[in-house]
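Only one structure is covered here, and it is reproduced in the block below.
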Amino acid sequence: MIPFSREEREWFLRNLARGLVEYYRTSEPPVAVEEMLNQPPPVYDADFGVVDMYSSLWDATFARPPTHRGSIFVRIDLAPEDRRYALAREMLSALITSKHGRAMGLSDLLLPHLRDSAEYFARYLLVPDDLLQAYRNQGGMNHGFAEHFQIPAGVGAVRWADD
Amino acid sequence: MSMQALNQLVARSIVDPTIVKAFSAGQVDEVISGLEFAPELRLRIGELEAGSWTEFAMLAYRVVKAAEEPVRRIELPSPAEGLGDDQERTGKEQVA
Chain A
1 MIPFSREERE
11 WFLRNLARGL
21 VEYYRTSEPP
31 VAVEEMLNQP
41 PPVYDADFGV
51 VDMYSSLWDA
61 TFARPPTHRG
71 SIFVRIDLAP
81 EDRRYALARE
91 MLSALITSKH
101 GRAMGLSDLL
111 LPHLRDSAEY
121 FARYLLVPDD
131 LLQAYRNQGG
141 MNHGFAEHFQ
151 IPAGVGAVRW
161 ADD
Chain B
164 MSMQALNQLV
174 ARSIVDPTIV
184 KAFSAGQVDE
194 VISGLEFAPE
204 LRLRIGELEA
214 GSWTEFAMLA
224 YRVVKAAEEP
234 VRRIELPSPA
244 EGLGDDQERT
254 GKEQVA
C-alpha cells in the first residue's frame, strides 16, 4: 500500500466513526457504543459481540477465534465511562478483522498504527464533530465536557484539544 | 462541497457493503455517481488506481484536497507603486 500521512489516516478514521454515528442516528450524547456492538449494522452481524470478564490484566481486548464470532472481552468492574471508551477503542479491531473490514482493506492502513488509530477512532466515535459543535454552540465549556459525553476525563481533554 | 461528498461516501462505506462491492467490481463511476464532484474532479477520481477501497478513498482524499486548496496567486505591485514605495522608504532610511 502507498504510504499515507497521519493527517490522512485521521481523516479516514473520522469518517469511519461518523458512518457509524449516522447509521444509529445519534443526535445527542452519550453515543450508545454498547448498543452498536450488541446490535451492529447487518454487514457486521456475525462479527461483533461483548463478553464481560473477571480479569485485572486489561480493560478490554478484542479477540476473534478462527471461524468464530469476534468479541470484545471487557473487564466487568470498569467505571461506566472507562467501559464505554474501552469498547469504542476495541471496536476498531472488530471492524478491521470483520469480513467487511477485510473487503475494505482496512488492515493495511490501520494495523501499523493500531493503538494510535483505535484511540483516535474512539474519541471521534464517542464525541462526533456534530455533537461537539452543538455542545459548544450551547455554551458548553471544557469543564463538564467529559461528563456530558460520558467519557474519561483524560480522553475528554485530548478530544477537546483535537480540534 | 466535493470534500463533503467524499466524507459522506467514506462514512457510508463502513455500513453499506454495496459501495465496496461496486468498487471491487471495477465500477468506480457507479460508486461516485450522484455525488457532487466537478466534472474534471469526477474524471480524475474515476481514473485512480488502488488495490483496495481504503486505498482508493485515501487517494481520492488527496485529489479532492488538492483541488479545494486555494490557488496561490503571485501578486506583484504595479511598477509605479512599487518604485514609489521603494524610493520613499529608501529616502527615509537615508534620513534615519
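In the order they appear, the protein sequences are chains A and B.
By the numbering used here, the letter at position 9 of the first sequence is numbered 9, and the numbering carries on one by one without gaps.
Converting from the second sequence to the numbering used here requires adding 163 to each position, the first position being numbered 1.
Where is the CB? At the ideal position from N, CA and C, for every residue including glycine.
#### Entry: Own chain partners of Pro40/A with C-beta closer than 8 Å, once the 5 adjacent residues on each side are dropped
Asp47 and Phe48
### Task
Compare the beta carbon distance of Val33/A and Arg84/A with 8 Å and say whether it is the shorter of the two.
yes
### Query
For Ala213/B versus Leu222/B, is the C-beta distance shorter than 8 Å?
yes
### Query
DSSP on Asp47/A, reduced to helix/strand/coil?
In the structure shown, Asp47/A sits in coil (DSSP, three-state: anything other than H, G, I, E or B).
### Task
Spell out whether any CB of chain B is found under 8 Å from the CB atom of Asp45/A.
no
### Query
Quick one: what's got a C-beta closer than 7 Å to Gly186/B's C-beta in the same chain, skipping five residues either side?
This sequence places Phe at residue 186/B; Gly is not what is there. Taken in chain order, the residues that qualify are Val194, Trp216 and Phe219.
### Query
What does Trp11/A reach in chain B if we use C-beta pairs closer than 7 Å?
Tyr224
### Message
Between which two residues does the beta strand (DSSP E) holding Phe121/A run?
### Response
It is not in any beta strand (DSSP E) - Phe121/A instead sits in the alpha helix (DSSP H) that spans Leu114 to Leu126.
### Message
Strictly by DSSP, which residues pair up with Val74/A?
### Response
Asp52/A and Ala60/A
### Query
What span of residues does the alpha helix (DSSP H) with Val183/B cover, start to end?
First-last of the alpha helix (DSSP H) with Val183/B: Pro180 to Ser187.
### Message
For Asn142/A, count the other beta carbons within 10 Å of its own beta carbon; 16 or more makes it buried, fewer makes it exposed. Which is it?
### Response
exposed
### Task
Would you please verify whether the beta carbon of Ile177/B is less than 8 Å from any beta carbon of chain A?
Ile177/B counts as touching chain A.
### Query
Does any CB atom of chain A fall closer than 8 Å to the CB of Pro180/B?
yes
### Message
Can you give me the C-alpha to C-alpha distance between Leu106/A and Tyr24/A, rounded to a whole angstrom?
### Response
Each residue's alpha carbon lies about 21 Å from the other.
### Task
Below 6 Å CB to CB, which residues in the same chain sit around Met53/A once its five sequence neighbours on both sides are set aside?
Exclusion of the five residues before and after Met53/A leaves Phe73 as the residues of its chain whose Cβ lies within less than 6 Å of its Cβ.
### Task
Could you work out which residues of chain B lie near Asn15/A, taking near to mean beta carbons separated by less than 7 Å?
Asn170, Val173 and Ala174
### Task
Flag this pair as yes or no: are the beta carbons of Ala63/A and Ala86/A separated by less than 8 Å?
no
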